[in-house]
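> Going down the list, the sequences are from chains X and A.
For the first sequence, this note's numbering gives the first residue as 1, with consecutive numbering after it.
For the second sequence, this note's numbering gives the first residue as 194, with consecutive numbering after it.
We put the CB at the ideal spot given by N, CA and C, even for glycine.
Since the model is a prediction, treat every value here as computed from it, not as a measurement.
The structure that follows is given in the form of C-alpha cells.
There are 2 protein chains.
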Amino acid sequence: MLAVISGPSGVGKDAVLGLLRSKAFPAAFITTMTTRAKRAGETDGVDYIFISKDKFQTLIERRELLEWANVYGNYYGVPKEPVRQALRAGRNAIVKVDVQGAASIKKIAPEAVFIFLLPSCFEELSARLEKRLTESPETLKRRLATAPEEIEQIGEFDYFVINREGELDRSVAEIEAIITAEKCRVKPRRIEI
Amino acid sequence: MLAVISGPSGVGKDAVLGLLRSKAFPAAFITTMTTRAKRAGETDGVDYIFISKDKFQTLIERRELLEWANVYGNYYGVPKEPVRQALRAGRNAIVKVDVQGAASIKKIAPEAVFIFLLPSCFEELSARLEKRLTESPETLKRRLATAPEEIEQIGEFDYFVINREGELDRSVAEIEAIITAEKCRVKPRRIEI
Numbered sequence: 001m002l003a004v005i006s007g008p009s010g011v012g013k014d015a016v017l018g019l020l021r022s023k024a025f026p027a028a029f030i031t032t033m034t035t036r037a038k039r040a041g042e043t044d045g046v047d048y049i050f051i052s053k054d055k056f057q058t059l060i061e062r063r064e065l066l067e068w069a070n071v072y073g074n075y076y077g078v079p080k081e082p083v084r085q086a087l088r089a090g091r092n093a094i095v096k097v098d099v100q101g102a103a104s105i106k107k108i109a110p111e112a113v114f115i116f117l118l119p120s121c122f123e124e125l126s127a128r129l130e131k132r133l134t135e136s137p138e139t140l141k142r143r144l145a146t147a148p149e150e151i152e153q154i155g156e157f158d159y160f161v162i163n164r165e166g167e168l169d170r171s172v173a174e175i176e177a178i179i180t181a182e183k184c185r186v187k188p189r190r191i192e193i
Numbered sequence: 194m195l196a197v198i199s200g201p202s203g204v205g206k207d208a209v210l211g212l213l214r215s216k217a218f219p220a221a222f223i224t225t226m227t228t229r230a231k232r233a234g235e236t237d238g239v240d241y242i243f244i245s246k247d248k249f250q251t252l253i254e255r256r257e258l259l260e261w262a263n264v265y266g267n268y269y270g271v272p273k274e275p276v277r278q279a280l281r282a283g284r285n286a287i288v289k290v291d292v293q294g295a296a297s298i299k300k301i302a303p304e305a306v307f308i309f310l311l312p313s314c315f316e317e318l319s320a321r322l323e324k325r326l327t328e329s330p331e332t333l334k335r336r337l338a339t340a341p342e343e344i345e346q347i348g349e350f351d352y353f354v355i356n357r358e359g360e361l362d363r364s365v366a367e368i369e370a371i372i373t374a375e376k377c378r379v380k381p382r383r384i385e386i
C-alpha cells in the first residue's frame with residue numbers, strides 16, 4: 001500500500017513521520033530527492049537524497065518521479081523506484097509531500113491512500129512556522145498565505161488527521177489505524193506506477 | 194457511525210464483541226431482540242432482548258427493525274431505535290448479525306461499515322462449533338454447510354478481519370483500527386434509518 005501524507009507547511013508532517021519511524025512502524029519511508037546543496041546538519045539519504053541536476057533531469061525524462069517541482073531553481077521530487085521495491089516486497093510505502101505534490105501523485109496513482117494533516121487552528125500553524133529558524137520572514141509569510149488554499153484541497157483526500165499541539169501520539173495512532181484498516185479492505189487498492 | 198459485524202457461525206463474533214465491550218470501547222452495542230424463550234444463564238437485555246410475538250409483529254409493521262428473520266418459528270431482529278439514539282448522541286453503534294442479516298442491513302443502510310469476520314481455515318470453524326454444547330449435531334452440520342456460501346458474500350463487505358484461534362486481541366485491534374480510520378474519512382458516511 002502507498003500512503004501519501006500531506007498538509008500545509010508547519011502542520012507537523014516531519015514530526016509525525018519521525019515518530020512513526022522511531023516506533024519502527026513497518027513501512028518504507030520514501031526519501032525525497034533534491035538538487036539543492038546539503039545544509040549543515042543534514043544527512044544524505046535521511047533528510048533528502050542529494051543528486052545532481054543532470055541526474056534529476058534524467059529521472060524526469062524517464063518518468064521515474066511520482067511528483068516533482070522546481071522551487072526557486074532547486075528541484076525536489078519523489079522517486080518511483082523505492083516505492084515499487086517496497087510494494088513488490090509486500091511492504092507499505094509512505095511518502096511525505098506538500099499539497100500540490102499530493103495532487104500530482106493522485107493523477108498517476110489514484111489508488112494510493114491520501115491522508116491530510118490538519119492543524120487544529122490557523123494560529124497553531126503560524127506559531128509552529130515562526131519557531132523554525134531556518135526560514136526568512138518572507139518565506140514564512142508566503143507559507144502562511146498558501147495554507148488556506150491548501151486546506152481547500154482536502155476534498156481530494158481520503159482521510160484527515162488533526163495534528164493538535166502536544167498530541168503527536170494521537171495523530172500517529174490515527175495514521176497507524178488508517179493503514180491497518182486499509183489492509184483489511186475487502187477490495188484492495190492496486191498501485192501501478 | 195454504524196458498524197455491522199458479521200461472519201459465519203462459529204467464527205467468534207461473540208468473543209470479538211465481548212472483548213471490545215470489556216475494553217470499554219466507546220460504542221453502543223446493539224442487542225438483538227427475540228421472541229424465543231430465555232434459556233438458563235441468559236440475561237434479558239444482555240444476551241437478547243426478550244419480547245412477545247405481538248410486540249415483534251408491531252416492530253415489523255412499523256419498519257422499526259434494521260433486519261429480522263424467523264428461525265424455526267422464533268423471530269430475531271435488530272431494532273432501529275437504539276441505533277438512532279446512539280448516532281444522534283454522536284456515538285458509534287455496533288451491530289452483530291449473521292451474513293444474511295448483513296445483506297438486509299446493506300439494503301436500508303448502505304453507508305454502514307460492513308466488517309466480515311473470517312476463520313483462518315474451515316477446520317477452525319468446525320472445531321469451534323463442536324465445542325458449543327448448546328447445539329444438536331443437525332444444527333452443527335447445517336451451520337457448517339452454510340459457511341462456504343456465506344463466505345462467498347464477502348464481496349459485499351467493506352473490510353475483512355481474520356479471527357485466528359488464540360489471536361482475539363489482534364482481531365479486536367483491527368476492528369478498532371477500522372472504526373478509528375472510518376472516523377478520519379474526509380467524506381463521512383451518513384446513516385439515515
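1. In chain order, what residues of the same chain have a beta carbon less than 6 Å from the beta carbon of Phe56(X), not counting five sequence neighbours either side?
2. For my contact list, Asn356(A) and Val204(A) are in at a C-beta cut-off of 8 Å; report their separation, rounded to the angstrom.
3. Under 7 Å between C-beta atoms, does Thr228(A) make it to chain X?
4. Listed in chain order, which residues of the stretch 345-366 of chain A have Cβ atoms closer than 7 Å to some Cβ of chain X?
5. Just curious, the alpha helix (DSSP H) that Lys53(X) is in, first and last residue?
6. Quick one: measure Cβ to Cβ for Ile191(X) and Lys80(X), integer angstroms, because I've assumed they're closer than 8 Å.
7. Just mark Phe307(A) as buried or exposed, buried being the case when its beta carbon has 16 or more other beta carbons within 10 Å.
8. Using alpha carbons as the reference points, say which of Ser120(X), Ala145(X), Lys187(X) and Arg132(X) lies closest to Phe160(X).
9. For Val379(A), go through chain X and note every residue whose CB falls closer than 8 Å to its CB, in chain order.
10. If you draw a straight line from the alpha carbon of Ser136(X) to that of Asn285(A), how long is it in whole angstroms?
11. Could you tell me which residues DSSP pairs with Pro79(X) in its beta bridges?
12. Using a cut-off of 7 Å between C-beta atoms, extract the partners of Ile178(X) located in chain A.
13. For Arg132(X), count the other beta carbons within 10 Å of its own beta carbon; 16 or more makes it buried, fewer makes it exposed. Which is it?
14. Can you tell me the Cβ-Cβ gap for Ile368(A) and Leu259(A), rounded? I've got them flagged as a contact below 8 Å.
15. Find out if the Cβ-Cβ distance for the pair Phe116(X), Ile154(X) is shorter than 7 Å.
16. Starting from Ile191(X), trace the alpha helix (DSSP H) both ways and give me its first and last residue.
17. Using three-state DSSP, classify Asp44(X) as helix, strand or coil.
18. Quick check on the burial criterion: 16 or more other C-beta atoms within 10 angstroms. Buried or exposed for Thr225(A)?
19. Leaving out the 5 sequence neighbours to the left and right, which residues in its chain are closer than 6 Å to Gly294(A) when beta-carbon positions are compared?
20. Whose C-alpha, out of Asp169(X), Phe29(X) and Val16(X), is nearest the C-alpha of Ala86(X)?
21. Leaving out the 5 sequence neighbours to the left and right, which residues in its chain are closer than 8 Å to Arg363(A) when beta-carbon positions are compared?
22. Distance, Cα to Cα, Ala374(A) vs Val186(X)?
23. Ends of the alpha helix (DSSP H) at Val365(A)?
24. Does DSSP classify Lys334(A) as helix, strand or coil?
25. Please say whether Val288(A) and Val271(A) have beta carbons closer to each other than 7 Å?
26. Which residues in the same chain as Leu361(A) place their Cβ atom closer than 8 Å to its Cβ, once the five residues preceding and following it in sequence are excluded?
27. Pull up the DSSP beta-bridge partners for Phe50(X), would you.
28. Can you tell me where the alpha helix (DSSP H) holding Phe315(A) begins and where it ends?
29. Could you tell me the alpha carbon to alpha carbon distance between Arg84(X) and Ile371(A), rounded to whole angstroms?
30. Could you give the distance in angstroms between the alpha-carbon of Glu138(X) and the alpha-carbon of Leu129(X)?
31. Assign Ala279(A) to one of three DSSP states: helix, strand, or coil.
32. Please name the residue, chosen from Leu333(A), Ala305(A) and Val292(A), that lies closest to Glu345(A) on a Cα-to-Cα basis.
33. Apply the 10 Å Cβ neighbour rule to Asp44(X) and answer buried if 16 or more other Cβ atoms are within range, or exposed otherwise.
Walking through what the data contain:
1. Within the first sequence, numbered from 1, the residue matching residue 56(X) stands at position 56. Same-chain partners within the cutoff: Thr35 and Tyr75.
2. Residue mapping note: residue 356(A) aligns to position 163 of the second sequence, counting from 1. Residue mapping note: residue 204(A) aligns to position 11 of the second sequence, counting from 1. Right, their Cβ atoms sit about 6 Å apart.
3. As a position in the second sequence, residue 228(A) is number 35, starting the count at 1. By this cut-off, Thr228(A) is not an interface position.
4. Ile347, Gly348, Phe350, Asp351, Tyr352, Phe353 and Val354
5. Translated into positions along the first sequence, residue 53(X) becomes position 53. Here the alpha helix (DSSP H) through Lys53(X) covers Lys53 to Glu61.
6. On the first sequence, residue 191(X) is found 191 positions in, with the first residue counted as 1. On the first sequence, residue 80(X) is found 80 positions in, with the first residue counted as 1. Contact flag wrong, Cβ pair sits at about 10 Å.
7. What you label residue 307(A) is simply residue 114 of the second sequence in a count that begins at 1. Buried, since its Cβ has 16 or more Cβ neighbours within 10 Å.
8. The residue given as residue 160(X) occupies position 160 in the first sequence. Checked all of Ser120(X), Ala145(X), Lys187(X) and Arg132(X); the closest Cα to Phe160(X) is Ser120(X).
9. Indexing the second sequence from 1 puts residue 379(A) at position 186. Simply Phe116, Ile154, Gly155, Phe157, Asp158, Tyr159 and Phe160.
10. For the purposes of this step, residue 136(X) is taken as residue 136 along the first sequence, with counting starting at 1. For the purposes of this step, residue 285(A) is taken as residue 92 along the second sequence, with counting starting at 1. Those two C-alpha atoms are separated by around 46 Å.
11. On the first sequence, position 79 is the one that residue 79(X) refers to. Answer is Leu65(X), bridged to Pro79(X).
12. Here residue 178(X) is taken as the residue at index 178 of the first sequence, counted from 1. The answer, in chain order, is Ala374 and Cys377.
13. Against the first sequence, residue 132(X) aligns to sequence position 132. Exposed, by the Cβ-count rule.
14. As a working mapping, residue 368(A) is identified with position 175 in the second sequence. As a working mapping, residue 259(A) is identified with position 66 in the second sequence. The Cβ separation is near 19 Å, so there is no contact.
15. The residue labelled residue 116(X) in the question sits at position 116 within the first sequence. The residue labelled residue 154(X) in the question sits at position 154 within the first sequence. Result yes, Cβ atoms of Phe116(X) and Ile154(X) sit closer than 7 Å.
16. Your numbering for residue 191(X) matches position 191 in the first sequence. For Ile191(X), no alpha helix (DSSP H) run applies, since DSSP gives it neither H nor E.
17. Position 44 of the first sequence, counting from 1, holds the residue named residue 44(X). Three-state result, Asp44(X): strand.
18. As a first step, residue 225(A) must be located in the second sequence, where it is residue number 32. Taking a 10 Å sphere around the C-beta of Thr225(A), we find 16 or more other C-beta atoms and assign the residue as buried.
19. Position 101 of the second sequence, counting from 1, holds the residue named residue 294(A). If we look at Gly294(A) and ignore the five residues flanking it on each side, its Cβ neighbours are Glu260.
20. As a first step, residue 86(X) must be located in the first sequence, where it is residue number 86. Nearest of Asp169(X), Phe29(X) and Val16(X) to Ala86(X), Cα basis: Phe29(X).
21. In the second sequence, the residue the question calls residue 363(A) occupies position 170. Excluding sequence neighbours, Arg363(A) sits near Arg357.
22. Translated into positions along the second sequence, residue 374(A) becomes position 181. Translated into positions along the first sequence, residue 186(X) becomes position 186. Cα to Cα, Ala374(A) sits roughly 15 Å from Val186(X).
23. For the purposes of this step, residue 365(A) is identified with residue 172 of the second sequence, where counting begins at 1. Counting along the chain, the alpha helix (DSSP H) containing Val365(A) begins and ends at Leu361 to Lys376.
24. Walking along the second sequence from the start, residue 334(A) turns up at place 141. Residue state, collapsed to three classes: helix.
25. Residue numbering aside, residue 271(A) sits at position 78 when the second sequence is read from its first letter. Residue numbering aside, residue 288(A) sits at position 95 when the second sequence is read from its first letter. Taking 7 Å as the Cβ cut-off, Val271(A) and Val288(A) qualify as a contacting pair.
26. As a position in the second sequence, residue 361(A) is number 168, starting the count at 1. Here the set comprises Gly205, Ala208, Val209 and Leu212.
27. By one-based count along the first sequence, residue 50(X) stands at place 50. Per DSSP, Thr34(X).
28. The residue labelled residue 315(A) in the question sits at position 122 within the second sequence. Run containing Phe315(A): Phe315 to Lys324, per the alpha helix (DSSP H) assignment.
29. Against the first sequence, residue 84(X) aligns to sequence position 84. Against the second sequence, residue 371(A) aligns to sequence position 178. Straight-line Cα distance between these residues: approximately 26 Å.
30. Position 138 of the first sequence, counted from the first residue, corresponds to residue 138(X). Position 129 of the first sequence, counted from the first residue, corresponds to residue 129(X). Cα to Cα, the separation comes out at about 12 Å.
31. In the second sequence, the residue the question calls residue 279(A) occupies position 86. Helix.
32. Here the question's residue 345(A) lines up with position 152 in the second sequence. With distances taken between Cα atoms, Glu345(A) lies closest to Val292(A).
33. Taking the first sequence and counting its residues from 1, one reaches residue 44(X) at position 44. Under this definition Asp44(X) is an exposed residue.
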